[in-house]
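A quick write-up on the structure given underneath.
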Amino acid sequence: MKSLELEQSTIKTDGTWLDIDLQEMHSALSWTVLGGGWTRTRSATWLRVSNEDLPPGLNPTEHYRNRLIETGREINSIGFLTSASLFAYTERICRFEKLWVRCVSTVGLGNAVRVGEPHLFHENYGTINLLVQTSVPLNLSASIEAVSIATEARTLAILEGNVQSISGFQPATGTGTDCIGIVSPEAKECHIYAGKHTDIGHLIGSSAYQAVQVGVEKWKLANKVSTGTM
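The numbering of the sequence shown is this note's numbering, which starts it at 2 and goes up by one.
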């Protein structure tokens, strides 16, 4: 079965954009602002925005696409939006034999919430964005399972980081705007499972957990939040 080789220096950032060259065409499953759904891409981008960049009524997908065009970037990228520092991104690569999984994360926790809480209006922003790239092809069902594994890993890292919901009453399980993308190289023969009892699932979970764990600590340090609180 096909396996992609991971090259160095495929991530670049200037503080406004973070660009990831996936080296070749990948299948992608996500709910990103740009390129969401089950699609194809060979790149992923992050765009850092402020409140002023996204006034009420602005279409974020059109805004993102226009910014890509203005800067000469690939418009068929999958695109994440964040207010977090792109210089504080985290990359973690986990390997087992010939398999590898890479997770790239940006972490902002000003919008931390607990799943199932009533929706509360607030002016804080913050998002956990994860891109998980596997060395081997995944079909749609395996990609869906990979999203589940990455979500579990993110939640575990948030709980262990003692991040509190903005409600102030309960531990958070994520933020209100988290986004996860799963990308894998295209091929006719694909892995059909990616659960915790598979090698690729183990690597997905490990890389996502480590990337969010480190991201939480970076955010706390940058925002002068003591360990054990949000």
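A virtual CB, placed ideally from N, CA and C, is assigned to each residue, including glycine.
Source: prediction; values computed, not measured.
Pair within 8 angstroms by beta-carbon distance, residue i and residue j
i, j, result
"residue 91", "residue 215", "yes"
"residue 79", "residue 29", "yes"
"residue 82", "residue 61", "yes"
"residue 137", "residue 201", "yes"
Residue span of the beta strand (DSSP E) that contains residue i, given as start and end
i, result
"residue 29", "18-31"
"residue 96", "91-97"
"residue 184", "180-186"
Straight-line gap, residue i to residue j (C-alpha atoms, nearest Å)
i, j, result
"residue 102", "residue 27", "14 angstroms"
"residue 130", "residue 107", "5 angstroms"
"residue 229", "residue 158", "Here the model assigns residue 229 a pLDDT of 49, short of 50, so the residue's position is not dependable and the matter cannot be decided."
"residue 15", "residue 68", "15 angstroms"
"residue 116", "residue 110", "14 angstroms"
"residue 178", "residue 71", "26 angstroms"
"residue 140", "residue 146", "10 angstroms"
"residue 168", "residue 160", "15 angstroms"
"residue 191", "residue 99", "16 angstroms"
"residue 12", "residue 22", "7 angstroms"
First through last residue of the alpha helix (DSSP H) which encompasses residue i
i, result
"residue 70", "61-71"
"residue 216", "200-223"
"residue 146", "141-161"
For residue i, the residue or residues it bridges with in DSSP
i, result
"residue 39", "30"
"residue 106", "91 and 131"
"residue 12", "21"
Rounded distance between the beta-carbons of residue j and residue i, thought under 8 angstroms
i, j, result
"residue 94", "residue 19", "The Cβ separation is near 17 angstroms, so there is no contact."
"residue 174", "residue 199", "About 24 angstroms separates the two Cβ atoms, so there is no contact after all."
"residue 181", "residue 151", "5 angstroms"
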